Amino acid sequence: LFAAQAGASFVLAVEASEHISKMARQ
Numbered sequence: 056l057f058a059a060q061a062g063a064s065f066v067l068a069v070e071a072s073e074h075i076s077k078m079a080r081q
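For the sequence shown, this note's numbering gives the first residue as 56, with consecutive numbering after it.
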């Protein structure tokens, strides 16, 4: 259960980073 939560948090962090990068390029 903990591993699943950590994995989900990591995915959300990566997606957020990509979104911020896209916004910064504009």
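All C-beta atoms, glycine included, are put in the ideal place defined by N, C-alpha and C. Please read these numbers as outputs of a predicted model, since none were measured by experiment.
- Rounded to whole angstroms, the gap between the alpha carbons of His74 and Ala58 is 24 Å.
- Annotated three-state conformation of Leu67 is helix, per DSSP.
- Rounded to the nearest whole angstrom, the CA to CA distance from Ser76 to Ser64 is 18 Å.
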